[in-house]
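> Numbering (the numbering used here), first residue to last: 36 to 155.
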Amino acid sequence: MNRDYLQLLTSFEALMPLRRGSGLASEQLAPLLLSMSNRNIGELKNLLVLAFEEAVISGEERITAKLLLRLDRLPPDLRDQAASAAEYGMDVKLDYQARIRELGAVSEDETDDESDGDDR
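This is the structure in structure tokens:
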């Protein structure tokens with residue numbers, strides 16, 4: 036990962052008043068966020084805002100790979116394809132879970148147990 040990209044993720048995380056650290060610049064989340072945002076900074080910001088809201092509403096108070104996957108969000112380059120497919124009653128879905136496994140982006144802790152206790 037590019038050092039500037041990792042610093043950007045660290046800066047975004049510092050702006051989010053979540054009770055638990057997310058480690059956005061970690062080896063687990065950085066590649067997933069890059070893939071989900073299609074390397075677009077505006078898309079990354081929008082994705083992180085949605086993830087932040089979900090983290091607060093769900094009570095998790097941190098952004099995890101599983102939380103990001105629950106957003107079920109397609110990257111911008113696939114949205115037109117999805118809209119066209121929908122016109123024909125078809126569904127386009129990207130298997131981010133497979134992508135994460137390929138990238139090794141989910142730690143053992145996250146794959147075994149989504150909730151590891153209350154750290155608030």
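We put the beta carbon where it would ideally sit given N, CA and C, even for glycine.
Whether or not the region 81-99 and the region 115-124 are in contact is what I'm after, with contact meaning three or more pairs of Cβ atoms, one per stretch, closer than 8 Å; do they touch?
They do not touch, by the three-pair rule.
> Relative to the alpha-carbon of Ala100, which residue among Ser61, Arg54, Leu53, Met36 has its alpha-carbon at the smallest distance?
The count along the sequence shown starts at 1 and reaches residue 100 at position 65. The option with the nearest alpha carbon to Ala100 is Ser61.
> What's the call for Asp154, buried or exposed, on a 16-neighbour Cβ count within 10 Å?
In the sequence shown, the residue the question calls residue 154 occupies position 119. Low confidence applies to Asp154: its pLDDT is 41, below 50, so where it sits in the model is not reliable, and the reading given next is rough at best. Exposed.
> What is the DSSP secondary structure of Ile76, counted as helix, strand or coil?
Taking the first residue of the sequence shown as position 1, residue 76 is located at position 41. Three-state result, Ile76: helix.
> Taking the beta carbon of Gln63 as the centre, do at least 16 other beta carbons fall within 10 Å, making it buried, or is it exposed?
What you label residue 63 is simply residue 28 of the sequence shown in a count that begins at 1. By the neighbour-count rule (16 or more Cβ atoms within 10 Å), Gln63 is buried.
> What would DSSP say about Val84, mapped onto helix, strand or coil?
Position 49 of the sequence shown, counted from the start, is the residue given in the question as residue 84. DSSP places Val84 in helix when its eight states are reduced to three.
> Rounded to whole angstroms, what's the CA-CA distance from Leu53 to Met125? Just pull it up for me.
Taking the first residue of the sequence shown as 1, we reach residue 53 at position 18. Taking the first residue of the sequence shown as 1, we reach residue 125 at position 90. Rounded to whole angstroms, Leu53 to Met125 spans 37 Å at the Cα level.
> Quick one: grab the DSSP three-state call for Glu89.
Counting from one through the sequence shown, the residue named residue 89 turns up at place 54. Three-state result, Glu89: helix.
> Pull up the distance between the alpha-carbon of Leu67 and that of Leu129, whole angstroms please.
On the sequence shown, residue 67 is found 32 positions in, with the first residue counted as 1. On the sequence shown, residue 129 is found 94 positions in, with the first residue counted as 1. So the two alpha carbons sit approximately 12 Å from each other.
> Using three-state DSSP, classify Met36 as helix, strand or coil.
Looking up residue 36 in the sequence shown gives position 1. Three-state DSSP puts Met36 in coil, outside helix and strand.
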